[in-house]
Amino acid sequence: MFLEQLTARQFRNLNEVDLCWGPGFNIIWGNNAQGKTNLLEAVYLLGHLKSFRGARTAELIQEGMTAARLTGRLVSREVRHRLEVSLEPHGQTPRLDDKPVQKLSQFLGTLRPVLFTADELVLLKGAPAGRRALLDRAVLQADPGYLDRFHAYSRVLRQRNQLLKERAAPALLEPWNEALIENGARIRHDRQVFLAGLQQVLSGIGRDIADSSEQLSFGYPHAGAPDQLQAGLRREQEQLLARERQLGQTLAGPHRDDPEPLIDGRPLKLFGSQGQNRSFLLAFKAAQLIDLERRLGEPPLLLLDDLASELDAGRQASFFAFLRRRRGQVLITTTHPATLGEAVCPQARYFRVEQGRVEERQAI
1 MFLEQLTARQ
11 FRNLNEVDLC
21 WGPGFNIIWG
31 NNAQGKTNLL
41 EAVYLLGHLK
51 SFRGARTAEL
61 IQEGMTAARL
71 TGRLVSREVR
81 HRLEVSLEPH
91 GQTPRLDDKP
101 VQKLSQFLGT
111 LRPVLFTADE
121 LVLLKGAPAG
131 RRALLDRAVL
141 QADPGYLDRF
151 HAYSRVLRQR
161 NQLLKERAAP
171 ALLEPWNEAL
181 IENGARIRHD
191 RQVFLAGLQQ
201 VLSGIGRDIA
211 DSSEQLSFGY
221 PHAGAPDQLQ
231 AGLRREQEQL
241 LARERQLGQT
251 LAGPHRDDPE
261 PLIDGRPLKL
271 FGSQGQNRSF
281 LLAFKAAQLI
291 DLERRLGEPP
301 LLLLDDLASE
311 LDAGRQASFF
321 AFLRRRRGQV
331 LITTTHPATL
341 GEAVCPQARY
351 FRVEQGRVEE
361 RQAI
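Numbering-wise (this note's numbering), the sequence shown opens with residue 1 and increments by one.
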């Protein structure tokens, strides 16, 4: 999978940008607050229809403008695709190969960039919502159809919460209880299946890319066949129903689960050092790359936002050696490109960013 070209118009501080990327390493460099991360955000949005910084669509449009547009040309299995996203203050309009998108999952399954950003490090030790978001993004990348199932659960959850707040009669609540059990068990099953497959890679990858002999795993509090997961969620619901009525919110379901990164079977959030935190996230992203390559039949695109500032020389060297073996496309932002020179490869392409303008340079 190779993103050949990116065009950005009035996207953040990128006024008129037209870039042709290389198939291997692409180093995006410049001082802080010049637009380096905005480039990665543009590519990420073409793949996921959302900002990895949590920005609303209106915030992505250049100040003083009424709209923005992103286009990308992708080569996948020797077939070219054209991706386009038009952004207006109240929404986005995606197009695939110059045609309107009928189902979002179709668009989301085209370009599947994997992102590493320092902001994700806090998710591993923070509140459960952050770890759920990290896991759900990974599941969605592996299976774009997960979005429809996730939205279905979210709709049921909102309706059930509204009924609980209104202290609705049991007869009115009952069908929504069952709908939440059915849809919630499906989400738990999707997460469980994804992690089981990823674990086959994650358990042995720490030594290869993070210079660590520790056993890495990603625990999930629920396991079993779909009918077993439904039965388990029904028991949770029955036990918590009185409390739910009292608080006016749903307390049992995948929206409350806490996925747990583990090192040698011990919770990272309680016992992990900063170095172990970085190693785990690096290994998790590497495992995602391998898992996606197996599913897609080709390496996915990797986005690295200021990786050098987060890794020591040993971890950085090991990770870049892993990436060179993959032979996939990588976009890297940095303020010090010279520090990456030996770690990447002679064929790397360099792009200088200054005040939203981007220029390719032959060498540093």
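Every residue gets a Cβ at the ideal spot worked out from N, C-alpha and C, and that includes glycine. Since we're looking at a predicted model, the values are computed, not measured.
request  = Could you give the DSSP three-state label for Lys165: helix, strand or coil?
outcome  = helix
Is Leu331 near Leu303, with beta carbons less than 8 Å apart? yes
Since Lys125 and Asn277 should fall inside the 8 Å C-beta cutoff, what is the C-beta to C-beta distance between them, to a whole number of angstroms? 7 Å
*Could you spell out where the beta strand (DSSP E) holding Leu74 opens and where it closes?*
68-76
Look up Tyr350 in the DSSP assignment and say whether it is helix, strand or coil. strand
For this session: Quick one: using the 10 Å Cβ neighbour count with 16 as the cut-off for buried, is Phe351 buried or exposed?
Result: buried
Rounded straight-line distance, which links the Cα of Ser203 to that of Leu123 = 20 Å
Exercise. Can you tell me which of Arg149, Pro337, Ser279, Glu238 puts its alpha carbon nearest to the alpha carbon of Ser366?
Key: In the structure displayed, the chain extends from 1 to 364; residue 366 sits before or after that span and is not available.
Helix, strand or coil at Ser217 [DSSP, three-state]: strand
Can you find the residues in the same chain that come closer than 6 Å, C-beta to C-beta, to Ser309, ignoring five residues on each side of it along the sequence? none
Since His48 is in the alpha helix (DSSP H), which residue starts that stretch and which ends it?
36-48
Distance, Cα to Cα, Glu354 vs Gln10? 16 Å
> Taking C-beta to C-beta, are Pro226 and Asp257 nearer than 8 Å?
Replying inline: no
query: Enumerated in chain order, which unbroken segments of the beta strand (DSSP E) with a length of 3 residues or greater are wholly contained in the segment 237-319?
result: 260-263, 302-305
>> With a threshold of 7 Å on Cβ separation, who are the neighbours of Arg295 within its own chain once the five nearest residues in sequence on each side are excluded?
In response: Ala142
Exercise. In chain order, what residues of the same chain lie with their CB nearer than 6 Å to the CB of Gly109, ignoring the 5 residues before and after it?
Worked result: Pro144
Which stretch, first to last residue, makes up the beta strand (DSSP E) that contains Gln115?
-> One point to set straight first is that residue 115 is Leu, not Gln, in the sequence displayed. That run of the beta strand (DSSP E) goes 114-117.
Practice prompt. Note down, in chain order, each residue of its chain lying with its Cβ closer than 6 Å to the Cβ of Thr7, except the 5 sequence neighbours on either side.
Written response: Asp18, Thr71
Kindly list the residues whose CB is nearer than 6 Å to the CB of Arg234, restricted to its own chain and excluding five residues on each side of it in sequence; keep chain order. Ile181
Assuming Gln362 is part of the beta strand (DSSP E), what are its boundary residues? From DSSP, Gln362 is part of no beta strand (DSSP E); its letter is neither H nor E.
### Message
Ignoring anything shorter than 4 residues, give me the alpha helix (DSSP H) runs that lie fully in the segment 134-212, in order along the chain.
### Response
146-165, 170-209
Handout entry: Inter-residue CB distance, Asp148 and Ser105 (contact presumed, cutoff 8 Å)
Key = 6 Å
| request: Take Gly219 as the anchor and find which of Pro259, Val101, Asn183 has the nearest alpha-carbon. | output: Pro259
Which partner residues does Asp18 have in the DSSP bridge list?
-> Thr7
Check your understanding: Can you pull the DSSP bridge partners for Leu83?
Key -> Gly72, Leu96
- Message: Going by DSSP, what residue range makes up the beta strand (DSSP E) through Leu331?
- Response: 330-334
inquiry  = the ligand SAH and Leu202: does the residue's C-beta get closer than 7 Å to at least one heavy atom of that ligand?
reply    = Because no ligand of any kind appears in the structure shown, any question about the ligand SAH cannot be addressed here.
**Report entry** Distance between Met65 and Arg327 (C-alpha atoms, nearest Å)
**Finding:** 39 Å
Here's the rule I'm using: 16 or more other beta-carbon atoms within 10 Å means buried, otherwise exposed. How should Phe271 be labelled?
exposed
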